[in-house]
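Down below is the structure, laid out as structure tokens.
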Amino acid sequence: MNTAPLSAWIDGIGFLAPGLPDWPSARAVLRGEQAIGSTAAALQAPAILPPAERRRASRVVKLALTIGLEAAAHAGADITKLATVFAASGADGHNCHALCEQLASDDRQISPTRFHNSVHNAAAGYWGIATQSQAPCQVICAYDASFGAGLLDVLGQVVVDRQPTLLIAYDSEYPEPLHSKRPLPDVAGIALLLTPERSARSLARMAVSLDDSVPTTMAENALEALRAAVPALRGLPLLDLLARGEAGSISLDYLPPLQLRVDLQPC
Amino acid sequence: MTPQLISGYTATTCLGHGLDATLAALRDGRSGLKPCAFETVRLDTWIGEVAAVDDQKLPEMLAEYDCRNNRLAALALETDGFAERVRAATTRYGKRRIGVFVGTSTAGILQTELAYRRRDPATGALPADFNYRTTHNAFSLAEFTRAYFALEGPAFSVSTACSSSAKVFAAAARLLDCGVIDAAVVGGVDSLCLTTLYGFASLELTSARPCRPYDATRDGISVAEGAAFALLERAPASPPAGAVLLLGAGESSDAYHMSAPHPEGHGARLAMEGALRSAGLNAADIDYINLHGTATPANDAAEGKAVAALFGERVPCSSTKGATGHTLGAAGAVEAVICALALTHDLLPGSPGTETPDPAIPLDYLLSSRNQPIRRALSNSFGFGGSNCSLILGVAP
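Just so you know, the sequences run in chain order F and S. Each position in the first sequence, counted from 1, maps to that position plus 4 in the working numbering. Each position in the second sequence, counted from 1, maps to that position plus 23 in the working numbering.
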């Protein structure tokens, strides 16, 4: 590959995973200052959702909005103008199961809300309604490679379109019987606000290139288990460097053998 | 945007397999829609079904990807010499330097719907032969297309409902622009399934007749399937006469409602303005608009307001969904290919099924096809969740 790396500044982080309810707690665990919690991921519908949408908000919607809002607030960004890239390895698993179950029954008259919640971009649609942002909004799926795919598209927008762009990478579990075919453990996700120019809030500068590097793993077993089990958490090695405020070079799992090499320089 | 060369393209819909069949049907003003008799679906509606999808065999090595969506993808890839063009590009650039970015809304979910009828009566388990990753998951289409050509470059699926395969052109153009890739296979494939047929019916958005875009009496969509692919490369400084170019792309969000467009078409207008800005063009530079035109009362009214506000009644425009039906996640790519045909064959496509253009929508709406040289065409694609994308294609003089 003879391509110059794609560069961006990281201005904000959002995080949610089982035992790690937000970025400050994840940061403390990554820094070795506290132990990972043992509770399932806790979800709340963000207050900025209008009442009708709050009632209909599923687990993926709550998850995506929560981490996206955390990263935007961390960066001090104006959510009403932010371009977004949603990256998820699947849509709303519970809704999908309910639809398939009903379509296999004698009564196929599914509910309109179930149908519009079935689209892969449901969380992105709720984000738009909640934030009133009319900015471009991308929604990507690349199965286990979804984090890397989302990061690549965000970098394209930051580098080419020169606009701050929010990556919201998230995953949610399927109930049985789909769970046996796609065993995702729980809701979890990472949000990163990337910008083309350094700001007072910038945490670090990243330079990303595609290569054949061996993906970086997490030293701590519980964190490595999360990285391996949840596609959206393939970005954990990057958060590890950010938590420690360390410069370094890591490899994020994308489409083996094609990986994302990330060189990080803290501000 | 730096103009990108569209060096190869193909489309397969209910109008037929490939460009010749598509062009002939568009010229003759034919529709491919027929009353719904798909699978066990019993709905009073018309659909666009591609002929002989289930006769398509996948290469043995890719047998695990077998499902209606990937059969339709393979069928399209083997039409119009598209696969040969991709292989030639692979020789030129190397398999690492070619990206695969494709749009789909439901991928192979029909496979899951059918598997749910075969659950183990005791345990509820899905059958062992059901493969979630290679059929149901939205990435299955991108992974299949990538594996089909043994490509090793970056890949993802875009799934923003009915704007999906317009947005892949924008994403590929960005990665070409920043040098990550030298070429991209882009496109969209969506295939008939129970989720979309019963889903659109539940929203009362399907018509009991063939859809009639922009007609005063329009009352809903005709759900359809389709596949279209294009090969994007960086354009040479002086593209050869007749070369088709991607000149601009604009993306926006309605931020209004999950399944209804903004009534004033605000998001639609932002997408069209974004595409013009990205192409460095003015409204007066556009010679034809391929409308999203789903034929629901709300979509056509909202889109019509936005188009009329930006372009007035000067630009001939039409929705081709009366011919193809609404191919959902494939619509962006199918209609980009229709624009490419319009640009290279001096064709302004008409709107089969539409008889009386809605007098409340002041546009130069094309009822029947006519011959007229055009230089630049704009294509609109809007989706659930308020996702909008407009593309501008041009032909080199």
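A virtual CB, placed ideally from N, CA and C, is assigned to each residue, including glycine. Everything numeric in this text was worked out from a predicted model, so none of it was measured.
Please confirm if Y116(S) has its CB atom under 8 Å from at least one CB of chain F.
For Y116(S), the answer is no, since every Cβ of chain F falls outside 8 Å of its Cβ.
DSSP-derived helix/strand/coil call for P54(F):
Here DSSP, grouped into helix, strand and coil, assigns P54(F) to coil.
Check the Cβ-Cβ distances between G222(S) and every residue of chain F, and say whether any is below 8 Å.
With its beta carbon less than 8 Å from one in chain F, G222(S) belongs to the interface.
For P179(F), does the count of other Cβ atoms within 10 angstroms reach 16, so buried, or fall short, so exposed?
Exposed.
What whole-angstrom Cβ distance do T113(S) and G249(S) have, given they're in contact under 8 Å?
Between G249(S) and T113(S) the Cβ distance is about 25 Å, and since that is not below 8 Å, they are no contact.
Would you check if the distance between the CB atom of P219(F) and the CB atom of D157(F) is smaller than 8 Å?
Contact flag unset, no.
Residue burial classification, K85(F) (beta-carbon count within 10 angstroms, cutoff 16)
Answer is exposed; the Cβ neighbour count stays below 16.
Just curious, the alpha helix (DSSP H) that D157(F) is in, first and last residue?
Boundaries of the alpha helix (DSSP H) harbouring D157(F): S150 to V164, taken from the DSSP string.
Using a Cβ cut-off of 7 Å, which residues of the stretch 177-200 of chain S contact any Cβ in chain F, in chain order?
Of all residues in the stretch 177-200 of chain S, P177, A178, F179, S180, V181, S182, T183, A184, K190, A194, R197, L198 and D200 have a Cβ within less than 7 Å of some Cβ in chain F.
For D238(S), does the count of other Cβ atoms within 10 angstroms reach 16, so buried, or fall short, so exposed?
When all chains shown are included, D238(S) counts as buried.
Per DSSP, what are the beta-bridge partners of M210(F) in this structure?
M210(F) is bridged to A12(F) and L268(F).
Stretch pair the stretch 139-150 of chain F + the stretch 60-71 of chain F: three plus CB contacts closer than 8 Å
Taking 8 Å as the limit for Cβ pairs, the verdict is that the stretch 60-71 of chain F does not touch the stretch 139-150 of chain F.
If you reduce the DSSP assignment to three classes, tell me which class P339(S) lands in.
DSSP places P339(S) in strand when its eight states are reduced to three.
Judging by CA-CA distance, which residue of V64(S), S342(S) and A258(S) is the nearest neighbour of R112(F)?
Among V64(S), S342(S) and A258(S), the Cα nearest to that of R112(F) is on V64(S).
If you follow the alpha helix (DSSP H) that Y178(F) is in, where does it begin and where does it stop?
No alpha helix (DSSP H) contains Y178(F), which DSSP labels as neither H nor E.
Buried versus exposed call for S261(S) [16 or more other C-beta atoms within 10 Å across all chains shown]:
An exposed status is given to S261(S), since fewer than 16 other beta-carbon atoms sit within 10 Å of its beta-carbon.
Note down, in chain order, every chain F residue with its Cβ under 9 Å from the Cβ of N160(S).
Within 9 Å Cβ-Cβ: S93, G94, C145, Y147 and R186.
Stretch pair the stretch 143-160 of chain S + the stretch 136-144 of chain F: three plus CB contacts closer than 8 Å
No, the stretch 143-160 of chain S is not in contact with the stretch 136-144 of chain F.
Can a CB atom of chain F be found closer than 8 Å to the CB of G316(S)?
Not a single CB atom of chain F sits nearer than 8 Å to the CB of G316(S).
Buried or exposed: which applies to N322(S), given that a residue is buried once 16 or more other Cβ atoms fall within 10 Å of its Cβ?
Taking all protein chains shown into account, N322(S) has 16 or more neighbouring C-beta atoms within 10 Å of its C-beta and is therefore buried.
Alpha-carbon to alpha-carbon, A49(F) and P55(F):
Using only the alpha carbons, I get a separation of about 10 Å.
What distance in whole Å lies between the Cβ atoms of L171(F) and V2(F), which are believed to be in contact at a cut-off of 8 Å?
With chain F covering only 5 through 271, there is no way to say anything about residue 2(F).
Could you give the DSSP three-state label for G167(S): helix, strand or coil?
The residue asked about is misnamed: residue 167(S) is Phe in this sequence, not Gly. Three-state DSSP puts F167(S) in a helix.
Cross-chain neighbours of D277(S) in chain F, by beta carbon under 8 Å
Below the 8 Å Cβ cutoff, chain F contributes G132 and Q138 as neighbours of D277(S), in chain order.
For V65(F), which three-state DSSP category applies?
DSSP places V65(F) in helix when its eight states are reduced to three.
Tell me the DSSP bridge mates of N313(S)?
In DSSP, N313(S) forms a bridge with S341(S) and S402(S).
Could you tell me whether any Cβ in chain S is nearer than 8 Å to the Cβ of M5(F)?
In this prediction, M5(F) scores a pLDDT of 41, lower than 50, which makes its location untrustworthy; no coordinate-derived value is stated.
Taking the straight line between their C-alpha atoms, what separation do you get for L174(S) and K118(S)?
Rounded to the nearest angstrom, the two C-alpha atoms are 5 Å apart.
Determine the burial state of L38(S): buried for a count of at least 16 other Cβ atoms within 10 Å of its Cβ, exposed for fewer.
Answer is buried; the Cβ neighbour count reaches 16.
Determine the contact status of A325(S) and G288(S), defining contact as a CB-CB distance below 8 Å.
Yes, the pair counts as a contact, with Cβ atoms nearer than the cut-off.
From this set, Y171(S), A184(S), A207(S) and T157(S), which residue's C-alpha is nearest Q142(F)'s C-alpha?
Residue A184(S) is the option with its Cα nearest to Q142(F).
Buried or exposed, going by whether 16 or more other CB atoms sit within 10 Å of the CB of M24(S)?
The residue is buried, with at least 16 neighbouring Cβ atoms inside 10 Å.
Decide yes or no for the touch test of the stretch 391-402 of chain S against the stretch 353-368 of chain S: beta carbon pairs closer than 8 Å, at least 3 of them.
The answer is yes - the stretch 353-368 of chain S touches the stretch 391-402 of chain S, with three or more Cβ pairs under 8 Å.
Beta carbons nearer than 7 Å to chain F: which residues of the stretch 139-154 of chain S have them?
Of all residues in the stretch 139-154 of chain S, the ones placed with a Cβ closer than 7 Å to any Cβ belonging to chain F are Y139, R140, R142, G147, A148, L149 and F153, in chain order.
Can you pull the chain F residues whose beta carbon is under 7 Å from the beta carbon of G202(S), in chain order?
Within chain F, the residues placing a beta-carbon under 7 Å from that of G202(S) are T7 and A8, ordered along the chain.
Beta-ladder partner(s) of D215(F), from DSSP:
Q263(F).
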